[in-house]
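To start, the structure under review is shown below, and the notes come after it.
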Amino acid sequence: MKLSEILKVNQQILRTRSFVLGGQNFKVRVPLASEMEIINKRVSEVDITKKTEELIKPLLEKKETLQSDSIVYLDDDVIVDGRSVKNLAKITAQTEQRVLEMVKLLVPEMEGANMDELTYEEINSEFPFPVQLELMKKIAEVISPSYEETKKN
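If you're matching positions, the sequence shown starts at 3 in my numbering and goes up one per residue.
Okay, here's the thing in structure tokens:
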């Protein structure tokens with residue numbers, strides 16, 4: 003028998019926290035440690051191919067006019083002012099995946115709705131990037147009350 007059954011505790015209610023952002027009320031489901039591991043794995047192992055192509059393609063199309071000391075073309079990367087576009091693509095893809103994973107933890111207010119099929123593109127079409135980052139920060143604070151303290155150390 004599960005501990006929650008023995009104690010007659012509704013896990014869904016117990017694992018739901020709330021916060022306010024921009025005057026809007028949000029409810030978030032606190033994930034189990036095993037769920038957080040899966041989320042972190044999805045973020046760290048996100049496919050960066052599409053994002054890399056998206057960022058490198060415009061640079062490749064103008065290679066003849068852009069190639070210079072500050073823009074260096076490699077076999078599978080472009081270095082702009084000493085920074086790898088491929089690495090930027092990885093960071094961007096991981097950030098987008100983390101936003102998606104955090105937003106999926108929100109509890110829908112609409113009856114019968116779920117967040118399973120949500121995509122980053124849907125989030126990005128409705129919320130500007132600074133709002134996405136603030137939303138992600140608030141969710142992280144709520145699901146891990148020591149998050150800010152841990153982040154400082």
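We put the beta carbon where it would ideally sit given N, CA and C, even for glycine.
- When beta bridges are read from the DSSP output, Leu23 appears opposite Gln26.
- Residue pairing by DSSP puts Val74 in a beta bridge opposite Ile81.
- Here Met3 is exposed. Its C-beta has fewer than 16 other C-beta atoms within 10 Å.
- Excluding its 5 nearest sequence neighbours in each direction, Lys88 has C-beta neighbours in its own chain below 6 angstroms: Thr54, Asp79, listed in chain order.
- Residue environment: Ile40 is assigned as exposed (fewer than 16 neighbouring CB atoms within 10 Å of its CB, all protein chains considered).
- By the neighbour-count criterion, in which 16 or more other beta carbons inside 10 Å mark a residue as buried, Val74 falls on the exposed side.
- DSSP, read as helix, strand or coil, puts Leu57 in helix.
- Three or more Cβ pairs closer than 8 angstroms define a contact, and the region 31-49 falls short of that threshold against the region 58-78.
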